[in-house]
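A short worksheet on the structure shown next.
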Amino acid sequence: MKTLLVILGPTGVGKTDLCIEVAKRYCIPVINADSRQIYRELPIGTAAPTQRQMREVPHYFVGTLGLEDYFSASLYEEKVMTLLGQLFEKSDVALLSGGSMMYIDAVCNGIDEIPTVDDATRTTLLSRYEKEGLEPLLAELAMRDPEYYSIVDRKNPRRIIHALEICSITGQTYTSLRRQEKKQRPFRIVKIGLNRDREELFERINLRTLNMISNGMIEEARSVYPKRGLNSLNTVGYKELFNYFDGKWTLDEAVSRIQKNTRVYCKKQLTWFKRDEDIHWFNPNDRARVMEFINEKLN
């Protein structure tokens with residue numbers, strides 16, 4: 103039976119090293135499920151696999167897009183499903199790993215077939231947001247799709263703009279297209295979750311942030327600063343350093359905020375993943391148990 107191994111977990115838990123070991127064991131590549139590591143300009147701040155690691159094991163969806171390129175969970179689903187068809191011709195096992203909840207769900211459960219937004223519509227709504235702010239867009243969403251307006255995060259411009267984009271190009275409500283029906287996949291899915299003691303995990307996050315700064319994250323953020331309005335840069339690490347560049351925060355404050363906001367994101371990831379009863383949880387230090395579990399599932 104064709105089997106997709108999914109190794110998931112919160113940021114900083116230690117997924118990459120384990121994935122490389124699994125990939126080497128079964129002579130398969132890693133399909134990356136991180137919505138920011140896909141951008142080639144952000145390797146340091148997103149903790150993307152290093153060039154050495156990618157020479158050891160091929161990785162898909164790492165550093166393949168520019169910051170201006172449009173991408174979404176639905177496009178990710180489409181591309182990964184096509185890729186899996188090709189990989190399963192060569193092996194009975196494939197490996198997907200990451201921490202982006204929507205990307206993992208898109209592959210495992212499917213995502214609603216929302217139409218792709220054309221460039222003209224996207225540009226128009228982004229221009230309106232830049233000129234008018236969020237409130238007029240919220241008011242329009244309340245009128246065009248009151249059901250989605252009642253549940254959307256009203257401080258998240260990306261979600262609000264996207265809903266209005268869909269309303270504009272389809273003439274329907276965004277809600278009517280979000281059926282959230284689980285799709286059947288022509289392969290078995292085995293999910294492996296990695297987690298650590300919370301204090302240990304948070305300490306790893308704090309230390310990793312300092313290592314990123316030492317390894318050139320400030321210079322990396324400064325190089326993309328002129329593009330700060332792009333959605334691809336609306337992410338932890340870059341937003342805080344942009345405030346440092348603007349003189350709003352000191353560098354120490356920016357670094358402290360990166361650590362704090364990464365810990366907050368980590369907790370959100372765990373809350374999301376804990377809802378999934380199909381995930382088998384392990385401490386990443388116990389690699390022998392993980393490898394034994396995988397072997398049992400594949401044999």
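Position one of the sequence shown corresponds to residue 103 (the numbering used here), numbered consecutively onward.
A virtual CB, placed ideally from N, CA and C, is assigned to each residue, including glycine.
Buried or exposed for residue i, please, with buried defined as at least 16 other CB atoms from any protein chain shown within 10 angstroms of its CB.
i: P102; result: Outside the displayed span of the chain (103 to 401) sits residue 102, for which this structure offers no information.
i: P151; result: buried
i: D348; result: exposed
i: E267; result: buried
i: N134; result: buried
i: R377; result: exposed
i: R157; result: exposed
Can the beta-carbon of residue i be found closer than 8 Å to that of residue j?
i: E179; j: I213; result: yes
i: Q406; j: V164; result: Past the edges of the chain, shown from 103 to 401, lies residue 406, and the structure says nothing about it.
i: V195; j: T118; result: no
i: N385; j: N308; result: no
i: E342; j: N363; result: yes
i: I262; j: L239; result: yes
i: W374; j: M203; result: yes
i: A265; j: V254; result: yes
i: G147; j: E322; result: yes
i: T166; j: R142; result: yes
i: T275; j: R256; result: no
i: Y340; j: V326; result: yes
Between the options, which has its C-alpha nearest residue i's C-alpha?
i: V115; options: F304, K341, T277; result: F304
i: R330; options: N345, Y367, A390; result: N345
i: E394; options: T105, R246, G111, V124; result: V124
i: C121; options: L107, S278, L239; result: L107
i: R280; options: K362, T352, Y250; result: Y250
i: V209; options: R306, I291, M319, K369; result: I291
i: S270; options: T223, E237, T277, S278; result: T223
i: I294; options: Y162, R391, K181; result: R391
Would you list the residues sitting across from residue i in a DSSP beta bridge?
i: W383; result: G295
i: T105; result: V195, R290
i: Y162; result: I133
i: G200; result: L110, A135
i: L167; result: Y141
Using 8 Å as the limit for Cβ to Cβ distance, is residue i near chain D?
i: N336; result: Among the chains in the structure shown there is no chain D, since it carries only a single protein chain.
- Item | Uninterrupted beta strand (DSSP E) stretches inside the segment 114–145 (no shorter than 3 residues) | 132–135
- Message: To test your reading of the DSSP string, which unbroken beta strand (DSSP E) runs of 3 or more residues are found completely within the segment 218–304?
- Response: 290–296
- Can you list, in chain order, the stretches of the alpha helix (DSSP H) that have 4 or more residues and sit fully within the segment 323–379? 340–347, 353–376
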